[in-house]
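Just add 221 to wherever you are in the sequence shown, counting from 1, and you've got the working numbering.
See below for the structure under consideration.
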Amino acid sequence: MPFCLEKRVALVFADRVRSCNAGDASHRVAHENRRMAATARLDDVCRHLSEAGFDVTKIARAALSDDIATFDWIVALGGDGTQLDTARFAGTTPVLGLKMFPESSRGFLCTSDYDVFLAQSHNIGDSCRIDSRMRLCCSVNGTQVGRSILNDVLFSQENPARASRYILSFRGAREFQCSSGVWVSTAIGSHGAVRSAGGPTIDCSDRMAAYCVREIAHEGALRQGTFDPHEDLSIVVEGRQHKLFFDGGLWECSLAPGDVVTFSESADDYRQITI
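Put into structure tokens, the structure is as follows:
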């Protein structure tokens, strides 16, 4: 749908490219060049937004908080990690994701990149497209844990080299499994780890979710599939030292034997801007 950008914009930037004193001389030079390029690109985006008439506030990724949701819209300059961190706090505030280094970053969650933004920044405020993307909620024993999930959840052992033991229930089937764990993802997340693990992919606009069992140790009927998040997919923990890892490990939740993990559709969609 058409969307006109308002004045107050938060510019979130990846602040992980810092000075480096390790490695050989060529490594240090390459790292420093990348750090300087990141700083220059951040300044360029900020300047172009200001020249287009926007009131810009720069916010480092490490300093993100719920205050980010009070802006009219958000630009997240970095890669997928910056996008996921920003989405965690953005609420329903629209987010424009820009790949800082399109030449080297996959940046699947980013709808545009640095080069495209510079070419179109002169009329960026006129009209954009905004898409709603479904997020998931995760509950343990009926109580929601963490924030809304844009990408995926991994259920596994705290030590990923150990086998997970659990009961997976789906559409009336109930199966004890021993595996490396279970991925559960949104449609967006199905294009990442779920796909790499051999699971299904879903069009990003669909309001469906996906699951994929990792490296199961025996034959099983429940291995992977797509599901409406209102359906009953659950994981009952059968062993100790299990955890849930949300959106690439941005936050975690420890589990105890007997805990029941369920999933549902979040009440708030992620609002994604495309220029």
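Even glycine gets a Cβ: it sits at the ideal position worked out from N, Cα and C.
These figures come from a predicted structure and were not determined experimentally.
I need the straight-line Cα distance from residue i to residue j, nearest angstrom please.
{"i": "Asp265", "j": "Val277", "result": "12 Å"}
{"i": "Phe220", "j": "Gly363", "result": "Beyond the ends of the chain as shown, which are 222 and 496, falls residue 220; an answer cannot be given."}
{"i": "Asp334", "j": "Thr307", "result": "16 Å"}
{"i": "Asp373", "j": "Met257", "result": "32 Å"}
{"i": "Phe467", "j": "Ile437", "result": "21 Å"}
{"i": "Leu317", "j": "Phe338", "result": "10 Å"}
{"i": "Val415", "j": "Thr260", "result": "33 Å"}
Excluding the 5 residues flanking residue i on each side, which residues of the same chain have their C-beta closer than 8 Å to its C-beta?
{"i": "Val366", "result": "Cys359, Ser360, Leu465 and Cys474"}
Sort out for me which residues DSSP pairs residue i with in a bridge.
{"i": "Leu319", "result": "Leu298 and Ser333"}
{"i": "Phe466", "result": "Leu375 and Glu473"}
{"i": "Ala281", "result": "Phe234"}
{"i": "Phe338", "result": "According to DSSP, which records beta bridges pairwise, Phe338 is partnered with nothing at all."}
{"i": "Glu396", "result": "Leu389"}
{"i": "Cys433", "result": "Trp404 and Gln445"}
{"i": "Leu357", "result": "Ile370 and Glu486"}
{"i": "Gln365", "result": "Ser360"}
{"i": "Arg268", "result": "In the DSSP output, where bridge partners are listed per residue, Arg268 has none listed."}
Once the 5 residues before and after residue i are set aside, which same chain residues still bring their CB inside 7 Å of it?
{"i": "Arg229", "result": "Asp276, Phe292 and Asp293"}
{"i": "His412", "result": "Phe329 and Thr422"}
{"i": "Lys279", "result": "Leu232, Phe234 and Cys267"}
From the options, pick the residue whose C-alpha is nearest to that of residue i; which is it?
{"i": "Gly274", "options": "Ile409, Ser342 and Ala414", "result": "Ser342"}
{"i": "Ile456", "options": "Ser487, Ile496, Glu396 and Val296", "result": "Glu396"}
{"i": "Gln398", "options": "Lys320, Ile496, Cys267 and Val458", "result": "Val458"}
{"i": "Ser487", "options": "Ser369, Pro381, Ala394 and Arg461", "result": "Ser369"}
{"i": "Ala394", "options": "Ile409, Arg461 and Gln445", "result": "Gln445"}
{"i": "Gly420", "options": "Asp288, Gln378, Leu298 and Gly410", "result": "Gly410"}
{"i": "Thr483", "options": "Phe322, Asp449, Leu319 and Ile496", "result": "Asp449"}
Can you round the beta-carbon distance between residue i and residue j to whole angstroms, since I take them to be within the 8 Å contact cut?
{"i": "Trp404", "j": "Tyr432", "result": "7 Å"}
{"i": "Ser385", "j": "Phe376", "result": "7 Å"}
{"i": "Met355", "j": "Thr407", "result": "6 Å"}
{"i": "Tyr491", "j": "Leu371", "result": "5 Å"}
Tell me which same chain residues have a C-beta within less than 6 Å of the C-beta of residue i, skipping the five on either side of it?
{"i": "Ala281", "result": "Asp236"}
{"i": "Pro315", "result": "Trp294, Ile351, Arg492 and Ile494"}
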